[in-house]
Each structure stands twice: as structure tokens, then as C-alpha cells.
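In the working numbering, the protein residues as written are 321 to 410. Here a beta-carbon is modelled for each residue, glycine too, at the ideal position from N, C-alpha and C. Below is one structure; the comments refer to it alone.
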């Protein structure tokens, strides 16, 4: 087996990814979820699928941001309770 140069490997990998995306699309699977999990699949999505991917990414970022804010509020509340407990003990 001959060794492939970088360009040939990239072309081969791109072909494989295009094939995987097409297979998932034919099976009726969620191609956008696949692209979320594997960034290399992004360039093989259709325009509407790319748009949906961007919307889902934004929603995920908002969800993570909210979760982080909730954790921060909880930490602050716990610290306040500790401070109050030290004052009540004295």
C-alpha cells in the first residue's frame, strides 16, 4: 500500500465524512446532532442544516451560561450562610 501525501489523506477523509453524513441523512437520523458532536461534519451539511446547527449551538451556550450562573448564585448563598453562622455563634 502506497503512502498518501497530506492532500490525498485530506481528500480521502473528506470523502468518508461526506459519505457518513449522507448515510445518516438517508436513514433519517439527526445530521445536525452528528455535526454538533463532530465538527468535521459541518462542511457537509446543507444550508438549512447549518442554520439549525447555529441555533442549537446558541441554545446550548445559553443553557451552559444559565447553569454557570445558578452555580455561582448557590456558591454565593452558601458563603453568606457561612458568614451569618459565624456571626450568630459569637
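- The beta-carbon separation of residue 373 and residue 341, rounded to 12 Å, does not stay under the 8 Å limit for a contact.
- For residue 349, no alpha helix (DSSP H) run applies, since DSSP gives it neither H nor E.
- By alpha-carbon distance to residue 345, the top candidate from 331, 329, 366, 387 is 366.
- About 5 Å separates the Cβ atoms of residue 360 and residue 337, confirming a contact at the 8 Å cut-off.
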